[in-house]
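Report on one structure; see the data block that follows.
There are 2 protein chains.
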Amino acid sequence: MSLQDAPSLSLHCGDCPIRHRAVCSRCGSDELARLEELKYYRSYEAGQTVIWSGDRMDFVASVVSGIATLTQTMEDGRTQMVGLLLPSDFVGRPGRETAAYNVIATTDLLMCCFRKRPFEEMLVSTPNVGHRLLEMTLDELDAAREWMLLLGRKTAREKIASLLAIIARRDASLKLRPMQGRMSFDLPLTREAMADYLGLTLETVSRQVSALKRDGIIELEGKRHVTVPDFDRLLDEAGDDYDGGYLN
Amino acid sequence: MSLQDAPSLSLHCGDCPIRHRAVCSRCGSDELARLEELKYYRSYEAGQTVIWSGDRMDFVASVVSGIATLTQTMEDGRTQMVGLLLPSDFVGRPGRETAAYNVIATTDLLMCCFRKRPFEEMLVSTPNVGHRLLEMTLDELDAAREWMLLLGRKTAREKIASLLAIIARRDASLKLRPMQGRMSFDLPLTREAMADYLGLTLETVSRQVSALKRDGIIELEGKRHVTVPDFDRLLDEAGDDYDGGYLN
DNA sequence: TCTGAGGATTGATTTGGGTCAAGGCTGATC
DNA sequence: GATCAGCCTTGACCCAAATCAATCCTCAGA
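Now the structure itself:
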């Protein structure tokens, strides 16, 4: 993907090459033109920390390509992943000076940035961008709350099944495939990253993945390629009773 | 508090009788006048469910008085509290039809409501309200992510200490008292509610509260009134290394 | 003053997942 | 094709928190 046809911001409107949820029907093109003038790009290597918690953060940004994680850490090293940034996702906190978590590039990462002050001024002058941002933030909040149920109440096996189900869904919606029956996809995360995401240790993740395989809920090809013979059975294991609509 | 001088919405601007974070310096009074025309009130008794997850939700609202909780539940009854609504807090999801969690009144509750459709139209026509809502939502999201670290990685003792610290801070900011040294406050939650909030069982909550008392971190008068002789010691127990600024 | 109910405490026991430790893959590099 | 590093798996053991169970407050209402 070249810089030219990359989405300029997760607020990008009209057609959406990356994720359906990034489409906003309300925005006009005039605001986008103004956005274009202000943007610049930053790139990071895999493993690099984009922002440290507590750092002054003078920009807001959206992911153009690559994956980044948001993590909270305690001083003794315990870490909890609190979010995943995929292409078209937005990061930054208009109206606040410092970051509340670490942002770490897990792959090579290209971000489209805006200096904070001009961006805030633009939020005031072009309300549609603010509306889009509000929608996205509300989606994130719903997802975060769903995740709190997982972290607080689910068993290790349910946690793994839930994560696999979410990744399977996301992958299917990307490929415009049905979210049922036989599905297969690549895990974008190491066992350790899965553990940080789920509030487990990597050993427990490994054991539970093996258990799901032994029980025929999933099939593995190598360590990263997963096939789910029957998506409904996976959902049963995840313990969810809702349709999961808003996670996609 | 009478209906007249109650805050009409958490978006209430200018002076803020309830929580400092509800003040928005940007808004003018004209938007408020328009809001006034649209609002109506609903009241609920303690224990009543305001909204069921999955229900159609045709209004957005803010809490005028009382306390409500947001909870996620699994079909086998496991529940996780994912948020607390205090006076001036906002609930609702402009742009989406159904609720993603249960809202339950834990005390008698008075809410100031707006029908969703007119509210959304108002969001478009009066951007300042949208900005305020965006700010609040971003705050909620930061708090939710902080909570994910607690749920995923903290020990029972640290969870209890964290919760007590948050309640102590909130109480202190309400009373405009310093957040250090000796502090005391009432717990607004039962042990069971604390357990649902922290992803623990009520027995564990009870045991850890007793342990903190035994160790002199807190003092108890009855079951609900807590005194913290040294706030810094409580913070140590909570395992936080940050200043907690954004939670207030 | 008694009674009952809801909340809280405390103890005994079990267990899910953490911790520690020893290898096993696999693919990049020489 | 040997070596090494990063990632993953598996086993043995342990411990924090869950579970099961018995009491205890305390306060509202009879």
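Residue numbers (the numbering used here), protein chains in the order written: chain E, 1269 to 1516; chain U, 1269 to 1516. Ideal placement from N, C-alpha and C gives every residue a C-beta, glycine not left out.
- Per DSSP, reduced to three states, the secondary structure at Y1312(E) is strand.
- For the region 1385-1461 of chain E, the continuous alpha helix (DSSP H) assignments of 4+ residues that do not extend past its boundaries occur at 1395-1421, 1424-1443, in sequence order.
- Listed by position along chain E, the residues whose Cβ is nearer than 9 Å to that of D1410(U) are R1361, R1364, A1368, Y1369.
- In terms of beta-carbon proximity, V1350(E) lines the interface with chain U, with at least one pair separated by less than 7 Å.
- Taking CB atoms only, P1497(U) has no neighbour in chain E less than 7 Å away.
- Counting along the chain, the unbroken alpha helix (DSSP H) around A1506(E) starts and ends at 1499-1506.
- Annotation for E1365(U): no beta strand (DSSP E) segment contains it, and DSSP assigns it neither H nor E.
- Chain-order list of chain E residues neighbouring L1406(U): R1361, P1362, G1363, R1364, T1405, by C-beta distance under 8 Å.
- Flagged as an interface residue toward chain E: P1395(U), by a C-beta distance shorter than 7 Å.
- Going by DSSP, S1321(U) is part of no beta strand (DSSP E) at all; its letter is neither H nor E.
- By the Cβ neighbour-count rule, L1391(U) is buried, with 16 or more other Cβ atoms within 10 Å of its own.
- In the structure shown, E1471(U) falls within a helical segment according to DSSP collapsed to helix, strand and coil.
- Look at the beta carbons and you see the region 1396-1409 of chain U not touching the region 1476-1489 of chain U: under three pairs across the two are nearer than 8 Å.
- For the region 1318-1338 of chain E, residues whose beta-carbon sits nearer than 9 Å to a beta-carbon of chain U comprise S1321, G1322, L1338.
- Comparing C-alpha distances from L1503(U) to each of V1318(E), Y1312(E), M1342(E) shows the shortest one belongs to M1342(E).
- Residue-level contact check: L1402(U) touches chain E, since one or more beta carbons of chain E fall below 7 Å from its beta carbon.
- Selection H1493(E), F1327(E), L1338(E), L1377(E) evaluated against R1383(E) yields F1327(E) as nearest (Cα-Cα).
- Per DSSP, reduced to three states, the secondary structure at L1354(E) is coil, with no helix or strand assignment.
- Nearest Cα to R1459(E) within the set E1471(E), H1493(E), L1409(E): E1471(E).
- In the three-state DSSP reduction, R1492(U) falls in the coil class, being neither helix nor strand.
- Checking the DSSP bridge columns, you'll see E1343(U) has no partner listed.
- Contacts with chain U at 7 Å (Cβ-Cβ) include R1413(E).
- Interface criterion not met: the Cβ of L1488(U) is under 7 Å from no Cβ in chain E.
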